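Data first, discussion second: the structure below is written as structure tokens.
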Ligand code: ATP
Ligand code: LTN
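Residue numbers (this note's numbering): 374 to 705.
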């Protein structure tokens with residue numbers, strides 16, 4: 374019997390500093406799980422990262438660490454491709470072409486651009502503005518069927534679809550029009566200090582977020598200080614944002630249902646619950662941290678892996694780029 378072709382998944386993450394528990398439970402854990410069912414291509418989006426200013430030494434370390442961390446969480450390069458965006462030149466090349474098929478008005482409507490123009494008011498560069506065209510290039514180069522993204526990237530994915538459809542209408546079927554992919558499981562982790570906001574590594578208060586690489590003591594301290602409410606009853610309910618968030622995290626790392634959790638902590642105070650959540654998170658992150666530490670001891674190995682993976686990605690990208698260029702009228 375002919376085996377059905379697996380759908381292709383593409384996603385990317387920027388190497389911008391520490392990845393958080395939010396990134397892990399909301400995105401990376403799904404990247405790992407999807408490898409069972411899909412053909413997955415994942416990227417460290419280092420080209421996107423320079424839309425805001427980076428310090429060279431820090432940037433270099435962050436790219437390396439992000440790559441190693443993705444391996445450590447379980448991206449498996451015997452099944453998936455994991456490469457660094459700048460290593461495959463076609464991303465920049467297709468991005469230029471797509472810039473010419475993306476309208477000023479469309480880019481002007483992007484919420485992230487509007488927000489970052491305010492938060493980085495001293496450097497509103499053209500790259501920040503055309504960022505979605507590069508993201509479209511990433512996705513379309515690999516003819517991805519589905520793209521797992523968080524809420525904040527949905528608008529960019531919509532734009533990617535619009536650009537792909539526009540291009541296909543002009544030239545015939547060149548690009549697969551990608552579907553957004555919101556996985557069934559995937560926690561929306563909130564700040565430990567203001568549980569109405571998402572947990573974000575750009576939060577100025579480090580107690581608000583847990584990094585995947587945080588030391589156990591720090592993780593425990595952050596959970597002990599987590600903002601809750603005055604009811605002192607562990608139950609999932611409206612208006613209990615802090616407890617809801619801790620329950621969501623605990624459920625995500627232990628696989629327990631809210632009902633089970635409510636039973637487990639019935640009659641016990643928040644202190645006990647916070648300790649249990651902290652410990653469960655520490656135990657979830659422990660093997661990841663150990664693998665990360667091992668990988669970081671062997672930079673030559675890491676380099677051989679990312680080079681080999683770029684070599685796997687490049688022919689796929691080259692093929693799509695050539696197809697698009699031919700359609701536009703370029704000669705070879
Ligand atoms: P920043 O807050 O600095 O803008 P970020 O932490 O939101 O960055 P992104 O690079 O925007 O990180 O996100 C990478 C992926 O992680 C996205 O798929 C995003 O949806 C997911 N993600 C980030 N934070 C959370 C969170 N708190 N809960 C669930 N998923 C998250
Ligand atoms: N813009 C995304 C990262 C990103 C991406 C992509 C995600 C770059 N290219 C392609 C999905 C598909 C971010 O900042 N989270």
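Just so you know, even glycine gets a beta-carbon here, dropped at the ideal spot from N, CA and C.
Just so you know, these numbers come straight off a predicted model, no measurement behind them.
For residue i, count the other beta carbons within 10 Å of its own beta carbon; 16 or more makes it buried, fewer makes it exposed. Which is it?
i	result
residue 465	exposed
residue 643	buried
residue 672	exposed
residue 543	exposed
residue 538	exposed
residue 622	buried
residue 674	exposed
residue 703	exposed
residue 568	buried
residue 519	buried
Could you give the residue range of the alpha helix (DSSP H) that holds residue i?
i	result
residue 439	429-446
residue 663	643-669
residue 417	Counting along the chain, residue 417 falls outside any alpha helix (DSSP H), though it belongs to the beta strand (DSSP E) covering 412-417.
residue 592	589-597
residue 464	463-472
residue 493	Counting along the chain, residue 493 falls outside any alpha helix (DSSP H), and DSSP gives it neither H nor E.
residue 527	527-544
residue 678	672-701
Could you tell me which of the options sits nearest to residue i, measuring between CA atoms?
i	options	result
residue 391	657, 437, 679 and 459	437
residue 449	504, 403 and 480	403
residue 500	472, 440 and 574	472
residue 606	587, 422 and 647	647
residue 516	468, 383, 476 and 677	383
Residues in its own chain within less than 7 Å of residue i by CB, not counting five upstream and five downstream?
i	result
residue 459	419 and 420
residue 456	416, 679, 682, 683 and 686
residue 576	564 and 582
Taking the DSSP output, what are the residues bridged to residue i?
i	result
residue 554	521
residue 584	393
residue 563	571
Give every residue of the same chain whose Cβ lies closer than 6 Å to the Cβ of residue i, excluding the five residues on either side of it in the sequence, and list them in chain order.
i	result
residue 395	562 and 572
residue 401	446
residue 497	490
residue 627	653
Ends of the beta strand (DSSP E) at residue i?
i	result
residue 708	Shown here, the chain extends from 374 to 705; a query on residue 708 therefore has no answer.
residue 456	454-457
Within its chain, find whatever has a CB closer than 8 Å to the CB of residue i; leave out the 5 residues flanking it on each side and keep chain order.
i	result
residue 592	583, 651, 654, 655 and 658
So, is the C-beta of residue i closer than 9 Å to a C-beta in chain B?
i	result
residue 629	This model lacks chain B altogether; it includes just one protein chain.
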